[in-house]
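**Q** For the sequence shown, UniProt numbering begins at 1 and goes up steadily by one.
We put the beta carbon where it would ideally sit given N, CA and C, even for glycine.
None of these values were measured; they are calculated from a predicted model.
Okay, handing you the structure first.
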Amino acid sequence: MIGQVVFIAAGLLFSSLLSARPSIEQQMDMLQEAQDYLTVKPSQSLHILASISDVEALPLGLQIRWHVLRVRASVPTNQLVQLEQSLQALFALSTHSYFKDNLPSVLSALGIWLRRKGYLQEADISLQCALKYAKNASQQLTLINSRALVARHMGKYPDAISLYKEAALLAKKQRNISMMATIDNNLGAIALDLANYDEADVYFRAALAGYQRIDKRSGHITAGTNLLFLFILKDEILNYQRLYSPIKALTDGFPNQSKKALLTWIHAAYIVKQGGHMSDQARQNLQTAYSQLESHQVKLLVGMYLAPIVKVTLPPLPTRKLTLFTAPWFKQVQDCRW
């Protein structure tokens with residue numbers, strides 16, 4: 001009798017555990033919901049994906065889909081650790097048909113991760129391979145834009161501008177407002193690099209207007225922050241005051257610490273230009289924010305233009321990586337034969 005009771009209790013416990021675990025259909029619905037949020041709120045995509053427990057228990061195809069979605073959501077939110085983890089997991093499953101179906105997206109994200117980590121040559125290799133397997137004009141557009149960004153970080157401005165012009169023609173043909181705004185923003189960044197402030201102003205305003213039309217939050221923040229940076233350099237205080245509050249509100253609600261850090265630096269420069277005082281603690285906070293900036297190029301601009309205004313001495317930037325990216329699975333990308 002006792003044995004029967006124990007058996008029944010164990011059965012009920014097992015049944016309750018099964019009922020507590022989402023079914024495959026429910027998990028597929030969650031993955032679809034995560035995908036739906038990718039362009040409008042990628043942070044919500046990450047939240048949904050994190051709520052799916054025991055990913056390794058999913059069928060391989062769904063595991064790959066989970067990692068592909070995590071990769072795509074990690075790029076705009078700058079979650080580099082999660083991005084790296086999922087890239088490693090994906091290349092461990094690179095013989096699966098679902099991986100091959102998503103190859104351009106995976107290689108695109110890899111190229112972005114490599115660029116942000118300073119492996120510029122390898123980033124371009126990854127993006128060129130992605131272009132080889134691009135399935136449509138939309139993917140080609142995204143990848144050409146990414147290659148142009150790598151060229152800018154290499155200091156190859158003529159190559160970068162040429163690639164952006166090629167991408168702009170594709171974007172206009174496709175009526176892709178998001179990519180047109182991204183290209184405008186990136187051409188503005190090149191103009192800023194070259195101290196062509198008036199040209200940068202035109203591009204950044206066009207980018208901001210484009211992102212606002214489609215309600216793309218990450219782009220809205222990026223273009224708006226770039227304009228704020230430019231307004232500081234041009235001493236356009238009234239324009240700065242009009243734009244700062246809405247961009248600050250968007251940035252506070254967006255899970256990208258690098259964007260928050262850059263805005264902290266820009267506003268500190270504004271305060272000093274307005275006659276404000278920088279305490280020792282505020283300067284220390286700026287040092288911390290500087291370490292959170294996502295790219296070598298952004299740190300270079302902050303050190304060149306903003307640090308002298310707030311009188312903060314920054315550590316020297318490390319030289320560009322001369323070492324090669326040597327992950328064993330990267331040989332697959334170099335060979336580019338899938």
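For K234, I'd like the list of residues in its chain whose CB is within less than 8 Å of its CB, leaving aside the five on either flank, ordered along the chain.
**A** Counting only Cβ-Cβ distances below 8 Å, and skipping sequence neighbours, we find Y197, D201.
**Q** Could you give the DSSP three-state label for I190: helix, strand or coil?
**A** Residue state, collapsed to three classes: helix.
**Q** Tell whether a beta-carbon distance below 8 Å holds between K132 and S178.
**A** No, the pair does not count as a contact, with Cβ atoms beyond the cut-off.
**Q** Note down, in chain order, each residue of its chain lying with its Cβ closer than 8 Å to the Cβ of Y240, except the 5 sequence neighbours on either side.
**A** For Y240, where only same-chain residues beyond five positions count, the Cβ hits under 8 Å are L228, F231, I232, Y270.
**Q** Please list, in chain order, all residues of the same chain as K273 whose beta carbon is under 8 Å from its beta carbon, the five residues on each side excluded.
**A** The residues are I232, D235, I237, I309.
**Q** Quick one: residues in its chain with C-beta nearer than 7 Å to the C-beta of P318, no 5 flanking neighbours on either side, listed in chain order?
**A** The answer is none, since no qualifying residue turns up.
**Q** Let's test the definition: count the other Cβ atoms within 10 Å of the Cβ of L169 and tell me whether it reaches 16, buried, or not, exposed.
**A** When all chains shown are included, L169 counts as exposed.
**Q** Indicate the three-state DSSP secondary structure (helix, strand or coil) for E236 in the structure shown.
**A** Note: E236 maps to coil in three-state DSSP.
**Q** Who are the near neighbours of R213 in its chain, counting only those whose CB is closer than 7 Å to its CB and skipping five residues on each side?
**A** Excluding positions up to five away in sequence, the list reads I177.
**Q** Return the first residue and the last residue of the alpha helix (DSSP H) that P328 is part of.
**A** Careful: P328 lies outside any alpha helix (DSSP H) and carries neither H nor E.
**Q** Closer than 6 Å by C-beta to Q79: which residues in its own chain qualify, once you throw out the five before and the five after it? Chain order, please.
**A** Same-chain partners within the cutoff: there are none.
**Q** When the Cβ atoms of the region 130-148 are set against those of the region 100-115, are three or more pairs found closer than 8 Å?
**A** Touching, yes.
**Q** On the DSSP letters alone, give me the boundaries of the alpha helix (DSSP H) that E199 sits inside.
**A** Note, E199: alpha helix (DSSP H), 197-214.
**Q** I think A268 touches M278, with their Cβ atoms under 8 Å apart; what is that distance to the nearest whole Å?
**A** The Cβ separation is near 7 Å, so the contact holds.
**Q** Among the residues of its own chain, which have a CB less than 7 Å from the CB of H67, if the five just before and after it don't count?
**A** S86, A89, L90, listed in sequence order.
**Q** What first and last residue would you give for the alpha helix (DSSP H) that runs through N145?
**A** Element bounds for N145: 137-153.
**Q** My assumption, with CB atoms under 8 Å, is that P104 sits in contact with A130. Please give the rounded CB distance.
**A** With 8 Å as the limit, P104 and A130 qualify as a contact, their Cβ atoms being about 5 Å apart.
**Q** A134 and A148 look like a contact to me (Cβ under 8 Å); what is the Cβ gap, rounded to whole Å?
**A** No, A134 and A148 are not in contact; Cβ-Cβ is about 15 Å, not under 8 Å.
**Q** Can you list, in chain order, the residues of its chain with a C-beta nearer than 7 Å to that of L314? Leave out the 5 residues immediately preceding and following it.
**A** Result list for L314: Y290, G303, A307, in chain order.
**Q** Helix, strand or coil: how does DSSP classify R283 here?
**A** Residue state, collapsed to three classes: helix.
**Q** One question on the structure: do Y98 and I125 come within less than 8 Å of each other, judged by their Cβ atoms?
**A** Going by C-beta atoms, Y98 is not nearer than 8 Å to I125.
**Q** With a CB to CB cut of under 7 Å and the five nearest residues on each side skipped, what residues in its chain are close to Q27?
**A** Same-chain partners within the cutoff: I52, L58, L62.
**Q** Between which two residues does the alpha helix (DSSP H) containing T77 stretch?
**A** T77 -> alpha helix (DSSP H) spans 60-77.
**Q** Helix, strand or coil: how does DSSP classify Y133 here?
**A** Y133: coil per DSSP, three-state reduction.
**Q** Please name the residue, chosen from A181, R116, I221, that lies closest to A206 on a Cα-to-Cα basis.
**A** Closest option to A206, Cα to Cα, is A181.
**Q** Indicate the three-state DSSP secondary structure (helix, strand or coil) for E56 in the structure shown.
**A** Helix at E56.
**Q** Alpha helix (DSSP H) containing V310: first to last residue?
**A** 307-310 is the span of the alpha helix (DSSP H), which, as asked, contains V310.
**Q** CA-CA distance, I183 and S23?
**A** Cα to Cα, the separation comes out at about 42 Å.
**Q** Along the chain, where does the alpha helix (DSSP H) that runs through M28 open and close?
**A** Here the alpha helix (DSSP H) through M28 covers 24-36.
**Q** Check the Cβ-Cβ distances between A171 and every residue of chain C, and say whether any is below 8 Å.
**A** Within the model displayed, chain C is absent; a lone protein chain is all it includes.
**Q** Tell me the DSSP secondary structure of K117 in three-state form.
**A** Coil, per DSSP.
**Q** Excluding five sequence neighbours on each side, which residues of the same chain lie with their C-beta closer than 7 Å to the C-beta of F204?
**A** N185, G188, A223, N226, L227, L230.
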